[in-house]
Structure formats: C-alpha cells, structure tokens
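Trainee:
2 protein chains.
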Amino acid sequence: MSIQERKEIEKQELRQKIVDVAIELFIDEGFENLSMRKIADKINYSPTTIYNYFKDKTDLMFQIMNESFGRFLVNIEKAIGEESSDPLEAMKRGLKAYIQTGLDHPKNYRLIFSACTRCNEVELECHHKTENGEKALEQLIGAVTECINHGYFTKKDPLDLAQLIWAALHGLTILMIENPHFAINNRDQLKEDMANMIIRGLKI
Amino acid sequence: MSIQERKEIEKQELRQKIVDVAIELFIDEGFENLSMRKIADKINYSPTTIYNYFKDKTDLMFQIMNESFGRFLVNIEKAIGEESSDPLEAMKRGLKAYIQTGLDHPKNYRLIFSACTRCNEVELECHHKTENGEKALEQLIGAVTECINHGYFTKKDPLDLAQLIWAALHGLTILMIENPHFAINNRDQLKEDMANMIIRGLKI
DNA sequence: GACAATAGTTAACAGTGCTAACTATTATAA
DNA sequence: TTATAATAGTTAGCACTGTTAACTATTGTC
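Chains as they are written, first to last, in my numbering: chain A, 103 to 306; chain B, 103 to 306.
Next up, the structure:
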C-alpha cells in the first residue's frame, strides 16, 4: 500500500466517521440540534475541518440521507424475510415490510426524506439524486415487472406502477411517523388495508 | 363596542398580520430564511413583540401551518368545481383536485406539512392538531361514507378508508413536490393512475 | 534540506431564538 | 382627577448557528 493509498483511506475513514456521527446526532438530538459544531465536538476536530470533506451542511445532509436510505433498504430486506416463489405474495410482503420498517425506525425514515426539506427551499429545485434511492426504485420496478409478467398486474409501464406504489406507501408511513395522532388506534389495520388497496387497485 | 372589545380586535389584527407576513416570508424566502427578526422587520415591530402573541417559533409555525391548510382547502374546493350528483364521480374529481392543487401551490402545500418536521424532533411527539386538518378529514370521511352508502366502496370503517386515501394522495403529492426528479415526465398520467388505483382498490 | 501540498487550526462575521429587565402607554378604581 | 395596576412594546444581551479567510503545522516529494 502506497502512502497515497493510505492517505486516501484515512480520508475516507474520517469522512465516514463524520457521516456516522452526524446520523447519530440526528437520531439522538433531532433535526434542530444537529450542528456542525456538535459534530466536530464528537469527533474531536475543529468545526471547519468538516468543510474539507463536505461543501456545506446541505451537502452533508444529503450524504447522511443516502447512507440512511441504504440502512433502510437493509432493514427492509430483513423484514421481508425468506424469498417467495409467488411474485404477488412477495409484493404484498414487501409492501407491508416497507411501512413496518419505517415505523420501526421512524427517525431513520424521517432522515431519509428530511434532507429534501432543507434543500434550496426557495426554488424547490433540488438536484441531488441519492444512489440508494435509485437502487430501491430499480428493485421495486423489478418486482412490479414480475407481477405483470405473471399476469397479476395490469400491463402498464412498470416505472409508473412502481412510483404509484412507492408514493402510497410513503404517504402512509410518513403521516404515521410525523403525526402521532394519525391513525393512532388502527395502524396495523391500516398497514394491511394499504397493501390490499394497492394490490387490488393494480390487479388485472 | 367597548374599549376591551376594540383592544381585543386590535390584538387579533396584529396576530393575524404576523401570521400573514410569516407565510409570505416562508413562500418568498423559504424555510431556512424565515426568522423571527425578519418577520418583525416586515411588520415594523421589535422581534420580541412576536413572543407576546406566540409562545415560540414552533407555535407560530403551527399557526401558519393551520392557516395554510385552510387556504389549501379553499383551493381544492375551487379545483373540484361544481357539485356532482354521483358520489364516485365526485370522489374521483376530488382525488385529482387534491394532487393538482398541491402541485399548483407547492410552497403552500409544503408549509402545511413542514411544521411537523420542526416539532420536537427528538421525541417525535407533536401534540398539535390543526383545526383545518381535522375539518378536511371530516369532509373526506363524509365523501367516503357517501360512496359506501351508494354501494361503490367496501363496507369498511369510513375513517380507515379516508386515512388510506389521504395517505396515498399525500405520498404522491409530497414526493412530486419535494423531489423534482420524481416522475418528471409522467406527472399527469400518474395523477390519473393514482386516482384510479385508489378507487379500484376500494371498490366493492 | 528546500519546496509544496495537505490537513487542520483560530478568529471572526453576520445571523439565529429567546429571556430578563425595562419603559411607556393606557384603563380602572379611589 | 389622580394614583394604581395592567398591558404592550422596547432594548440589551446570552448562547448558539453556518461559513469564510487567513493562518500553522505536518507531511511527502524533489
């Protein structure tokens, strides 16, 4: 390993540490209390060091958002459990797993989508795409295509259907997380009903 | 009109002015640039005056959120247009109107739901209910009940169904607003598809 | 051993939410 | 009519924020 290689690795390690600590702080202390100075304190560096690794706070936010998206995907995989031979069965399990995973890790889920809230509020033009977000969508498109090919779903554009599904799931998940009053007494029922509504709505 | 009444009215007027200016600033300058001092500047009062009318910034946020919700409802009514005799027809028009109104006034829509993002991030416990939010839900429940009574929708708890519908609509609307990449080329199609998916999903 | 690049630092600016202590103004009761 | 009390608004200040510019110390290269 050359010196340059070692330096590069060290750089990546510190960068990753910043991301990890930022997520930790977000989870522990919330959105409003996540500051560059607190992150710096936690890693025992001066606040300005962070700016050698991230353009600004928004940039950092998008990195931790992407990282959290990755962790969310891992958790979903776990929640889905063993593979299913029937695509429709797999789809239904996936739908419920998405909502449940969001509810199980509300702060994580919130983090994934709260970066956008910070991004260029004025113009509502955020040009970031998260790598892991794209990956998730690809996976969902695959599952939808399976359902179409097996004659379960209407023969429409799989991307369209995937976006429909994602939107519906996200809506329920984020409302439940952000509004503790929403469906306080019937969350399990609603989760089930949402999965059923989606599948019935797209069935041939 | 007694002196007390006049004073009360003046108080309400200033309070309303603060709310109006706060909304204006949010729309014009965005979330991050909305500060107590800027609001104070705009109404030519000292910043601390605001604290005589609102407990803190979060409190003010919830007031402007409620106000925006009210304006949103007015705009939806407009978008729905004339009354329809058929409840299912009315429902479909309402569904599309919700999404379209959100897209037509993205900053307004975002404001309605961004207050929660600020509320007690740590515990995810926000105990505010917005009056206008409750009102909207009541209305939706009414429309759903109509559809059930006419034999269009499955005989389930109208509150459940209304929450399902709202969640799905909200998910699509907020994703489109917050993520400019989401469904950039097929938004009209998606709006239509979402309405159809919901109705097919709930039909008897 | 000189030079340059890199990584990290300190100091500072302009702005933030919010509180405490103060001052005027106004309405009520004697 | 005047003293008292309540109300509405003010100033000054605290502890914090993101971010930049200028600096220093360390390290690798020639």
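Think of the CB as a built atom: it goes at the ideal place given N, C-alpha and C, for glycine as much as any other residue.
Which residues in chain A have a C-beta closer than 7 Å to the C-beta of M163 of chain B? List them in chain order.
Mentor: For M163 of chain B, no chain A residue has a C-beta closer than 7 Å to its own C-beta; the minimum C-beta separation is roughly 12 Å.
Trainee: Using a cut-off of 7 Å between C-beta atoms, extract the partners of H52 of chain A located in chain B.
Mentor: The structure shown does not extend to residue 52 of chain A, since chain A is modelled only from 103 through 306, so no value can be given for it.
Trainee: Following the continuous alpha helix (DSSP H) through G172 of chain B, name the residue where it begins and the one where it ends.
Mentor: Note, G172 of chain B: alpha helix (DSSP H), K159 to I182.
Trainee: Going by DSSP, what residue range makes up the alpha helix (DSSP H) through T275 of chain B?
Mentor: P260 to E280
Trainee: Using a Cβ-Cβ distance cut-off of 8 Å, determine whether M299 of chain B contacts chain A.
Mentor: yes
Trainee: Measuring only the C-alpha atoms, how far is F255 of chain A from I125 of chain A?
Mentor: 38 Å
Trainee: Should F284 of chain B be flagged as near chain A, meaning a C-beta pair shorter than 8 Å?
Mentor: Proximity of F284 of chain B to chain A, defined by a Cβ-Cβ separation below 8 Å, is satisfied.
Trainee: Suppose contacts are defined by Cβ-Cβ distances below 8 Å. Is Y155 of chain A in contact with L213 of chain A by that definition?
Mentor: no
Trainee: Since L136 of chain A and D295 of chain B should fall inside the 8 Å C-beta cutoff, what is the C-beta to C-beta distance between them, to a whole number of angstroms?
Mentor: Not really, about 37 Å apart at Cβ, beyond 8 Å.
Trainee: According to the neighbour-count rule (16 or more other Cβ atoms, all chains shown, within 10 Å of its Cβ), is T232 of chain B buried or exposed?
Mentor: Counting every other CB atom within 10 Å of its CB across the protein chains shown gives T232 of chain B a total of 16 or more, marking it as buried.
Trainee: May I have the straight-line CA-CA distance separating K258 of chain A from D188 of chain A, to the nearest angstrom?
Mentor: 20 Å
Trainee: Quick check: is the beta carbon of A124 of chain A nearer than 8 Å to any beta carbon in chain B?
Mentor: no
Trainee: Below 8 Å between beta carbons: does that hold for K144 of chain B and V121 of chain B?
Mentor: No, they are not a contact pair.
Trainee: Please compile the residues from chain B whose C-beta is within a distance smaller than 8 Å of the C-beta of M296 of chain A.
Mentor: L266, A269 and A270
Trainee: Output yes if chain A places a C-beta closer than 8 Å to the C-beta of N234 of chain B; else output no.
Mentor: For N234 of chain B, no Cβ of chain A is located within less than 8 Å of the residue's own Cβ.
Trainee: Between the stretch 171-189 of chain A and the stretch 238-253 of chain A, are three or more C-beta pairs nearer than 8 Å?
Mentor: Put simply, the stretch 171-189 of chain A touches the stretch 238-253 of chain A. At least three CB pairs are less than 8 Å apart.
Trainee: Pop quiz: A320 of chain A and L162 of chain A are said to be a contact at Cβ under 8 Å. What is the actual Cβ separation, rounded to whole angstroms?
Mentor: An answer regarding residue 320 of chain A cannot be provided, because it is not within the stretch 103 to 306 covered by chain A.
Trainee: In this structure, does DSSP put K113 of chain A in helix, strand or coil?
Mentor: helix
Trainee: May I ask which residues mark the beginning and end of the alpha helix (DSSP H) holding D290 of chain B?
Mentor: Element bounds for D290 of chain B: R289 to L304.
Trainee: Determine the DSSP secondary structure at F156 of chain A, reduced to helix, strand or coil.
Mentor: coil
Trainee: Closest to P282 of chain A by C-alpha separation, out of A:P208, A:A269, A:T203 and A:I250, would be which residue?
Mentor: A:P208
Trainee: Any beta carbon from chain A within less than 8 Å of R195 of chain B's own beta carbon?
Mentor: no
Trainee: Kindly indicate which residue of B:N287, B:S186 and B:G204 has the alpha-carbon position closest to the one of E248 of chain B.
Mentor: B:S186
Trainee: Mind checking whether L242 of chain B and W268 of chain B have CB atoms under 8 Å apart?
Mentor: yes
Trainee: For N288 of chain B and chain A, any beta-carbon pair shorter than 8 Å?
Mentor: yes
Trainee: Given the structure, does N177 of chain B come close to the ligand COA, in the sense that its CB is under 7 Å from one of the ligand's heavy atoms?
Mentor: Within the structure as shown, the ligand COA is missing, as the structure has no ligands at all.
Trainee: Taking the straight line between their C-alpha atoms, what separation do you get for E225 of chain B and I129 of chain A?
Mentor: Residue placement at E225 of chain B cannot be trusted, given a pLDDT of 46 that sits under 50; the coordinates are not used to answer.
Trainee: Using the rule of at least 16 other Cβ atoms within 10 Å of the residue's Cβ for burial, across every protein chain shown, is S216 of chain B buried or exposed?
Mentor: buried
Trainee: Give the secondary structure of F284 of chain B by DSSP, where H, G and I count as helix, E and B as strand, and everything else as coil.
Mentor: coil
Trainee: Pull up the distance between the alpha-carbon of R114 of chain B and that of I141 of chain B, whole angstroms please.
Mentor: The identity of residue 114 of chain B in the sequence shown is Gln, whereas the question assumes Arg. Distance between the alpha carbons of Q114 of chain B and I141 of chain B: 17 Å.
Trainee: Show which residues of chain B have a CB atom less than 7 Å away from the CB atom of G253 of chain A.
Mentor: Per Cβ cutoff of 7 Å: no residues; G253 of chain A is ~17 Å from chain B at best.
Trainee: Kindly list the residues whose CB is nearer than 7 Å to the CB of K305 of chain A, restricted to its own chain and excluding five residues on each side of it in sequence; keep chain order.
Mentor: Closer than 7 Å at Cβ, skipping near neighbours: Y254 and F255.
Trainee: Taking Q241 of chain A as the query, report the chain B residues whose CB atoms sit under 9 Å from its CB, ordered along the chain.
Mentor: By Cβ distance, chain B contributes nothing, its closest Cβ being about 16 Å from Q241 of chain A, past 9 Å.
Trainee: How many Å lie between L205 of chain A and Y147 of chain A at the Cα?
Mentor: 34 Å
Trainee: Go ahead and label I111 of chain B buried or exposed: buried means 16 or more other beta carbons lie within 10 angstroms of its beta carbon, across all protein chains shown.
Mentor: exposed
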